[in-house]
Every structure is written in C-alpha cells, then in structure tokens.
Amino acid sequence: MWIGLLLLSGLLLYLALRLRRRAAHNQRMSGLPEGKLVYADTGRWSAVAKPYFSERYRLTGKP
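Take any residue in the sequence shown, note its place counting from 1, add 82, and you have its number in the working numbering.
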C-alpha cells in the first residue's frame, strides 16, 4: 500500500515539474517580455482622450 502511494506521489511530482518546465519554455518562445501582468477593473468606465503608445514595443492601445 505504501509503495503505491510513494509511486503515485513520485509520478505526480514528476508531472508537476514537467508541466512547469513546459510552461517556462512556452513563455520564452512566445517572445513576450518578462514581467508581471497587472489588471485592475474599478468599474468606472470613461473615455480616454488619446490611446497609450509604447515606443519601446511599438504598441498602441487603450486600457
């Protein structure tokens, strides 16, 4: 019984580490810069006069 639980926990640990490596690989291959994604939605919608522009990433958008 204990051997089965030990093997199962080892298998789950192996799968978790494998999935973590795959996620890190996919993130590197996506080409997106590293950083935290910050999202806030206060529910107060208002018009933005001018869209934001990033010279560094050549992106334009509105929040």
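Quick reminder that beta carbons are idealized off the backbone N, C-alpha and C, glycines included.
Alpha-carbon to alpha-carbon, Ala105 and Met111:
Here the question's residue 111 lines up with position 29 in the sequence shown. Here the question's residue 105 lines up with position 23 in the sequence shown. Going by the C-alpha atoms only, they are around 10 Å apart.
I'd like to confirm the pairing. Which residues does DSSP put opposite Tyr139 in its beta bridges?
Walking along the sequence shown from the start, residue 139 turns up at place 57. Tyr139 pairs with nothing; no bridge assigned.
At what residues does the alpha helix (DSSP H) containing Met111 begin and finish?
Position 29 of the sequence shown, counted from the start, is the residue given in the question as residue 111. Taken as a continuous stretch (DSSP letters only), the alpha helix (DSSP H) holding Met111 covers 84-112.
For Thr142, which residues in the same chain have their Cβ closer than 6 Å to its Cβ, ignoring the five residues on either side in sequence?
For this step, residue 142 is matched to residue 60 along the sequence shown. Counting only Cβ-Cβ distances below 6 Å, and skipping sequence neighbours, we find Pro133, Phe135.
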